[in-house]
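Protein chains in written order, with this note's numbering: chain A, 11 to 316; chain B, 5 to 223.
A virtual CB, placed ideally from N, CA and C, is assigned to each residue, including glycine.
This report refers to the structure that appears directly beneath it.
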Amino acid sequence: MRAIDYALRQACVSLKRSAGASTLSVVAIALAVIVLGALLLVTWNAERVVAEWTSAAEFSVFLRDDASSEQRGAIETALDQSGIVAGREYVSKAQALVRFQREFAELASLTAGFDDNPFPASVEVRLRAGSENDGRADTLVRRVASLPGVADVRYDREWLATFGTGLRTVRGAGLVLAAVMALAAAVTVAAVVRIGLYARRDEIEIMELVGAPLAFIRGPFVAEGLLQGGAGALLALVLLWIGFAVARGWWGSEVAAVLNGLSMAFLPVRLCVVLVGGGMAVGAAGGLAAARHVGRGALTEPSGGR
Amino acid sequence: MIEAHQLSKAYSRGLYALRDLTLSVSKGEFVFLTGPSGAGKSTFLRLLLVQERATDGSLIVNGHDLMTLSRREIQEYRRGIGFVFQDFKLIPTRTILENITFVPEVIGVPPAQQRRRAFQVLKWVGLQHRMNGYPKDLSGGEQQRISIARALVNDPVLVLADEPTGNLDPDLSLEIMNLLREVNAGGTTVLVATHDRELIRLVGRRTITLDQGRIVEVG
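Dropping the structure here:
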């Protein structure tokens, strides 16, 4: 405990003494954490959206124009008896046309020239949460598609899979970039700590010669990196939060409209803790790298000869 | 206290800093180690502090075989040694008191005990009234007295001094030597490396003279 107390006190003194150089380290770590944090913020929100879409899975059963009411009844019975349908809605050909004209107003004039309504009647089905994970949804879709009176079933989950793959690619690339920046930050911390180390070389020599344990000799430098890393990560989180608040103020309502009312959310506390811990770890690694030879110079290994 | 037998320190290309050194310093003794520059005085002190290892022979200090000490054992051993540098090596950003408490602090002595002992040694060198000042406020002689106080704060059994008067005028040099004699009078073994023959004559203690790494005279 005395070694930790000593290390933290000396680290604070050193940070105060070399405020300019320490600021450089803090900024370097903050930049790395901002990159990683922004990436996590975007991908985490995107994952929430995907999860929401996945849990609210739907499919459409398009009916043939000549489908009889008995055939439609058989389709609806099959859906109801499946046990995974949360709700269904019949959309007639006329309703489908109206919906198209409403949702695609700029194309509505195209429908004026139709002799016949080209839009098929359909049954829109909402699935219960989790029903697509165990393959029951796929089974139902295949079964319904084979029923008489069914023209087509649209259950297109491929884009969600593509979106998920894209998300993982973006996250992977971002993690690589963040790792490179973290390495650069650690090197910056090491360089700054080394400056302090040079300034305190007499102190270190005395510590070595009075038999101070390595924890006392190297501890202050590791603690210095640790504090720089923590400060950098906290700074990054504050800047990320400000950026997030501004973005939400500007585009929050648009995003919510696109995402069925799902609002943008800042990183959860556990991820913030991980980011601060990561920043501290990077800083400590830089400090340790700078001080790795300290305390060895005056502690020679036994020689072979007598 | 110090037993060296056939002690040698060789560097590359067959250059010897010390060669077949055999000497003995008893507990409670005050000994000068002298000789011209390059005679091996500082090398011997470095061996005593285990900053370097001898390449041959044996060196036993206060019961510790310095040829075989592990890192942890070196730390323990050094806690019983005080040292005084020619250039004082006081830490300019710390007060006089902090320069002294620093030594027990970094080996884990409780704060109250650090301050009590630091004040005792400061009083002993007569500079307790300057404890809140900084090294830059002190004269060379005063800085060396602080350096001696720092060497004594952990109650060492052996004090090593490497040219402790090298940066001081003759009057101050004698004053520092008198202080070291008082340290010795308290039972602490003192080994002083110096090339100042006049000072040795004035203090008048046993002297080991080295030249080119060998003992040439014991007086």
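Within a Cβ cutoff of 8 Å, which residues of the same chain sit near A/Ala104, ignoring the five residues on either side of it in sequence? Asn127
Could you give the distance in angstroms between the alpha-carbon of B/Arg76 and the alpha-carbon of B/Val54? 12 Å
Within 10 angstroms of its Cβ, does A/Leu309 collect 16 or more other Cβ (buried), or is it exposed? In this prediction, A/Leu309 scores a pLDDT of 44, lower than 50, which makes its location untrustworthy; the coordinate-derived value is nonetheless stated afterwards. Counting Cβ neighbours within 10 Å, A/Leu309 comes out buried, since at least 16 surround it.
According to DSSP, simplified to helix, strand and coil, what is A/Leu309? Residue confidence is low: A/Leu309 scores 44 on pLDDT, short of 50, so the model does not pin down where it sits. No coordinate-derived value is stated.
Pairing CB atoms from the stretch 75-91 of chain B with CB atoms from the stretch 188-197 of chain A, are three or more of them under 8 Å? no
Buried versus exposed, by CB contacts within 10 Å (16 or more), A/Arg228: buried
Leaving out five residues on either side along the sequence, give the residues of the same chain with a beta carbon under 6 Å from the beta carbon of A/Gln81. Pro158 and Gly159
On the DSSP bridge assignment, give the partners of B/Leu37 in chain order. B/Ala197 and B/Ile212
What is the rounded straight-line gap between the Cα of A/Ser313 and the Cα of B/Glu7? At A/Ser313, the pLDDT of 45 sits below 50, so the modelled position is not reliable; the number obtained from the coordinates is stated separately. Cα to Cα, the separation comes out at about 18 Å.
In angstroms, rounded to a whole number, what distance separates the CA positions of B/Arg82 and A/Ala295? 29 Å
Heavy atom of the ligand FAD within 7 Å of A/Val199 beta-carbon: In the structure shown, the ligand FAD is absent, as is every other ligand, since no ligand is present at all.
For A/Leu25, is the classification buried or exposed, using 16 other Cβ atoms within 10 angstroms of its Cβ as the cut-off for buried? buried
Going residue by residue through the stretch 192-223 of chain A, where are the continuous alpha helix (DSSP H) segments of at least 4 residues, counting only ones entirely within it? 211-219
CB-CB length for A/Phe318 against A/Leu51, believed under 8 Å: No statement about residue 318 of chain A is possible, as the shown extent of chain A runs from 11 to 316 and does not include it.
For A/Gly221, which option in B/Thr105, B/Val110 and B/Ala155 has the closest C-alpha, if you only look at C-alpha atoms? B/Val110
Under 6 Å Cβ to Cβ from B/Phe34, same chain only, skipping five residues before and after it: list those, please. Asn188, Val194 and Arg209
Extent of the continuous alpha helix (DSSP H) to which B/Ser62 belongs: That residue, B/Ser62, is in no alpha helix (DSSP H); its beta strand (DSSP E) goes Asp60 to Val65.
Could you name the residues that DSSP lists as bridge partners for A/Phe69? A/Val135
Beta-carbon within less than 6 Å of A/Val95's beta-carbon, same chain only, minus the 5 sequence neighbours each way: which residues are those? Leu89 and Val135
Applying the 10 Å Cβ sphere with the 16-neighbour rule, what's the burial state of B/Lys13? buried
Looking at the structure shown, is A/Arg19 part of a helix, part of a strand, or coil, going by DSSP? helix
Does A/Leu219 get closer than 8 Å to chain B when you measure Cβ to Cβ? yes
In whole angstroms, what is the alpha-carbon distance linking B/Glu221 and B/Gly39? 10 Å
What residues in its chain sit with their C-beta under 6 Å from that of B/Gly144, if we drop five residues either side in the sequence? Asn171 and Leu172
Quick one: what's got a C-beta closer than 6 Å to A/Gly206's C-beta in the same chain, skipping five residues either side? Ser24 and Ser28
Which first and last residues belong to the beta strand (DSSP E) in which A/Asp162 is found? Val160 to Arg164
Cβ contact check for the stretch 148-163 of chain B and the stretch 122-138 of chain B: 3 or more pairs under 8 Å: yes
Leaving out five residues on either side along the sequence, give the residues of the same chain with a beta carbon under 7 Å from the beta carbon of B/Leu94. Asn103, Pro139, Gln147, Ile150 and Ser151
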